[in-house]
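Positions in the sequence shown are counted from 1; adding 649 to them yields my numbering.
From the three backbone atoms N, C-alpha and C, an ideal C-beta is built for every residue, glycine too.
All figures in this text were calculated on a predicted structure; none of them were measured in a lab.
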Amino acid sequence: MSDGLTRDKYLGGKLELWQPANGYRAGIDPVLLAAACPAKPGQTVLELGCGIGTAALCLATRVPELSLVGVERQAEIAALARRNAEGCAAQMEVVEADLAQLPAGLRQRSFDHVIANPPYFLRSASHPSTHAAREAAVGEETPLSVWLEVAGKRLLPRGWLTMIHRPERLADLLGGLDGFGSVQVLPLQPRAGRDANLVLIRARKGGRAALRLHAPLLLHQGRMHEFDGEDYTAAVAAVLRSGAALPGFGEFPK
């Protein structure tokens with residue numbers, strides 16, 4: 650640990666990222682987000698609210714020759730994202746800005762993909778964190794509708810939006826996808842017999858395929874944690890430890 654930071658391994662050690670030792674720390678959500686993005690080599694990707702760069706850099710580890718841009722409004726976190734991108738030699742530009750007020754230069758650019766892991770919690774129905782960086786990551790300040798609007802404006806025609814969020818916001822997510830089609834929803838189920846606690850959403854700008862609700866992806870084996878160590882299902886372990894694409898979410902309708 651150095652200067653209040655830790656350097657943590659992702660994707661089975663293929664990727665090492667600096668992040669604050671205290672406050673918000675990236676978990677598996679951005680890794681799953683990256684695994685759900687259907688990017689191909691040579692394409693362009695914009696991550697809104699990139700944090701320390703976890704999702705974008707996990708994606709770059711799986712898919713070569715991507716051109717990445719991350720938007721992050723917290724100066725110290727944006728600096729860590731740049732440091733992490735340099736550390737893994739990724740072609741990633743980090744723009745320090747509020748996504749609702751993007752710089753003019755970025756507003757003139759379009760991308761093949763937009764990915765985002767927005768703050769999950771409406772503060773009208775929950776209590777804020779006392780840690781400023783953590784609160785910025787988990788407490789919704791910029792409305793979800795703005796995230797969706799900005800994503801739509803920055804995507805090329807037929808471009809893909811991929812997001813991860815909470816099931817209770819699914820109505821807001823689907824209702825905000827004006828101009829999108831070919832919507833796919835993948836519930837993430839923590840254990841057998843439990844409700845999904847996350848959803849992955851993928852939609853195509855100008856897509857025409859019908860909405861598809863996938864069968865839930867089970868994250869952990871068994872109905873409870875029964876032994877020391879990890880108990881991810883084999884499919885999820887392949888994503889988290891080997892950088893595989895997300896199973897069951899690999900069909901990209903027209």
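Contacts around residue i, its chain only, beta-carbon distance under 8 Å, and the 5 residues preceding and following it disregarded
| i | result |
| --- | --- |
| ALA670 | MET650, GLY653, LEU654, THR655 |
| PRO806 | LYS854, GLY855 |
| GLU879 | ALA886 |
Residue i in three-state terms, based on DSSP
| i | result |
| --- | --- |
| GLU745 | strand |
| THR710 | helix |
| PRO896 | coil |
| GLY754 | helix |
| LYS854 | strand |
| ARG807 | strand |
| GLU798 | helix |
| ALA630 | The question about residue 630 has no answer, for the chain in this structure spans 650 to 903. |
| LEU823 | helix |
| PRO839 | coil |
| PRO679 | helix |
| GLU790 | coil |
Cβ neighbours of residue i in the same chain (closer than 6 Å, five flanking residues each side left out)
| i | result |
| --- | --- |
| LEU797 | GLY825 |
| PRO679 | THR703, ALA704, ASN766 |
| ALA684 | VAL888, ALA894, LEU895 |
| LEU849 | ALA685, ILE813, LEU835 |
| VAL885 | LEU868 |
| LYS658 | GLU665 |
| LEU860 | VAL832 |
| LEU695 | VAL718, PHE760, VAL763, ARG803 |
| GLU714 | PRO690, GLY691 |
Beta-carbon proximity check, residue i vs residue j, cutoff 8 Å
| i | j | result |
| --- | --- | --- |
| PRO690 | VAL712 | yes |
| LEU666 | ASN733 | yes |
| GLY828 | GLY801 | yes |
| ILE701 | ALA724 | no |
| ALA858 | GLY830 | yes |
| LEU697 | VAL799 | yes |
Contact test: residue i Cβ vs the ligand NAP heavy atom, cutoff 7 Å
| i | result |
| --- | --- |
| LEU666 | You won't find the ligand NAP in this model; it holds no ligand whatsoever. |
Integer Cβ distance of residue i from residue j, believed to fall under 8 Å
| i | j | result |
| --- | --- | --- |
| LEU956 | LEU835 | For residue 956 there is no data in the structure shown, the boundaries of the chain being 650 and 903. |
| CYS686 | ALA730 | Incorrect: roughly 17 Å between the Cβ atoms, too far for contact. |
| VAL743 | ALA727 | 5 Å |
| GLY871 | ARG843 | No, GLY871 and ARG843 are not in contact; Cβ-Cβ is about 11 Å, not under 8 Å. |
| LEU847 | ASP821 | So it is not a contact: roughly 15 Å between Cβ atoms. |
Beta-carbon contacts of residue i that lie in its chain and below 7 Å, excluding the five residues immediately before and after
| i | result |
| --- | --- |
| THR791 | LEU748, ALA749 |
| ALA739 | LEU706, ALA709, LEU717 |
| ALA746 | VAL720, ARG722, PRO752 |
| LEU804 | SER759, PHE760, VAL763, LEU810, LYS854 |
| ALA845 | PRO816, PRO836, LEU837, GLN838, PRO865 |
| GLN668 | LEU654, THR655, ASP657, ARG674, ALA675, ILE701, LEU729 |
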